[in-house]
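Residue numbering for the sequence shown follows my numbering, starting at 3 and increasing by one per position.
Glycine included, every Cβ here is placed at the ideal spot set by N, Cα and C.
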Amino acid sequence: MASQLPQNTGAQHSGRRVGRRVFLSVLGVGVVTTLFGHDIAQTISGLANSGGFSLGGFEIYTVTGSIPDIKPATYRLRIDGHIEHPLELTYEDLRSLVHHEVTFTFTCVTGWTVPNTHWRGVRLADLVTQVRPHADVQGLEFYSADGVYTDSLSLAEAKRADVLLAMDLGGKPISADHGAPVRLLVPSMYGYKSVKWLDKISFVSQQVPGYWEQRGYPVNATIS
Ligand SMILES: Nc1nc2c(c(=O)[nH]1)N[C@H]1C(S)=C(S)[C@@H](COP(=O)(O)O)O[C@H]1N2
Ligand SMILES: [Mo]
Numbered sequence: 003m004a005s006q007l008p009q010n011t012g013a014q015h016s017g018r019r020v021g022r023r024v025f026l027s028v029l030g031v032g033v034v035t036t037l038f039g040h041d042i043a044q045t046i047s048g049l050a051n052s053g054g055f056s057l058g059g060f061e062i063y064t065v066t067g068s069i070p071d072i073k074p075a076t077y078r079l080r081i082d083g084h085i086e087h088p089l090e091l092t093y094e095d096l097r098s099l100v101h102h103e104v105t106f107t108f109t110c111v112t113g114w115t116v117p118n119t120h121w122r123g124v125r126l127a128d129l130v131t132q133v134r135p136h137a138d139v140q141g142l143e144f145y146s147a148d149g150v151y152t153d154s155l156s157l158a159e160a161k162r163a164d165v166l167l168a169m170d171l172g173g174k175p176i177s178a179d180h181g182a183p184v185r186l187l188v189p190s191m192y193g194y195k196s197v198k199w200l201d202k203i204s205f206v207s208q209q210v211p212g213y214w215e216q217r218g219y220p221v222n223a224t225i226s
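Next comes the structure, spelled out in structure tokens:
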């Protein structure tokens, strides 16, 4: 599948240089420079050669090398864990909850940005209220239908008004490339928090580092 995706070698090279500078300024120079013998900042930008390509200013990333094809008719978002009211939402359930929008500059930690991206979706805070988290809940884990990618937020972060389960980008349903039918969207943080092809949210007593965070990126991905 990865071989069917267009290559993007030029962008990868400049992304690597910018990404390294951005990454080192986030953590402090010299704190972490290698992981498994690789420059960590090259890891995400390296995706441009292993299942990523450019689209409307975005680099399309997928750590599995393929783009899941999710049918709205069979799609379910499961919400479970330490909560009073577990939920299973269909595509139509989620559509009926789309009331919020946000416009912001989408920013990948490797250095690329897309200004003025306009999204619509379900406010995560509304779902948090609905499921009634138990008193011990400190974090939310987000799972992708690709079976591999995850990330997490603290409960306080998940309650912020601008955090959406995004269904539309630029006035149209988001494409499979961007995570259809639903992706997490955390405007105040680097793009790696915004899990694509979202199909499960678990409420947990301790926040667990996500896919890229287990590979060296900060759990608090707030853009300074
Ligand atoms: N499932 C999944 N979600 C993901 C990723 C990924 O590889 N797989 N990459 C993350 C990163 S690092 C970024 S910057 C954004 C990129 O979003 P885009 O592919 O829509 O441009 O998706 C994030 N969400
Ligand atoms: Mo990213």
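Could you tell me whether any non-hydrogen atom of ligand 1 is closer than 7 Å to the CB of residue i?
i, result
"residue 215", "no"
"residue 231", "Given that the chain is displayed from residue 3 to residue 226, the structure contains no residue 231 and the question cannot be resolved."
"residue 224", "no"
"residue 197", "yes"
Buried or exposed: where does residue i fall if 16 or more other Cβ atoms within 10 Å of its Cβ makes it buried?
i, result
"residue 15", "Residue placement at residue 15 is flagged as unreliable, the pLDDT there being 26, under the threshold of 50; the coordinate-derived value follows with that caveat. Exposed, because fewer than 16 other Cβ atoms sit within 10 Å of the Cβ of residue 15."
"residue 180", "buried"
"residue 216", "exposed"
"residue 40", "Bear in mind that the predicted position of residue 40 carries a pLDDT of just 42, short of 50, making it unreliable; the figure below should be weighed with that in mind. Its Cβ having fewer than 16 others within 10 Å, residue 40 is exposed."
"residue 224", "exposed"
"residue 150", "exposed"
"residue 57", "exposed"
Taking the CB atoms as reference points, tell me whether residue i and residue j lie closer together than 8 Å.
i, j, result
"residue 187", "residue 160", "no"
"residue 46", "residue 110", "yes"
"residue 197", "residue 209", "no"
"residue 189", "residue 60", "no"
"residue 200", "residue 79", "yes"
"residue 134", "residue 62", "no"
"residue 195", "residue 153", "yes"
Using beta carbons (cut-off 8 Å, strictly below), is residue i in contact with chain C?
i, result
"residue 152", "Absent from the structure is chain C; it holds one protein chain and no more."
Is residue i near ligand 2, judged by its Cβ being under 7 Å from some heavy atom?
i, result
"residue 131", "no"
"residue 111", "yes"
"residue 1", "Past the boundaries of the shown model lies residue 1; the chain is included only from 3 to 226, so the question cannot be answered."
Next on the checklist: Would the region 102–118 count as touching the region 130–141 if we require 3 or more Cβ pairs under 8 Å?
Outcome noted: no
Checklist entry - With a cut-off of 8 Å, do at least 3 Cβ pairs link the region 63–73 to the region 115–130? => result no
Item to check | alpha helix (DSSP H) segments (min. 4 residues) lying fully within the region 126–153 | outcome: 126–133
Item to check | 4-residue-minimum alpha helix (DSSP H) runs that sit fully inside the region 154–189, ordered along the chain | outcome: 157–160
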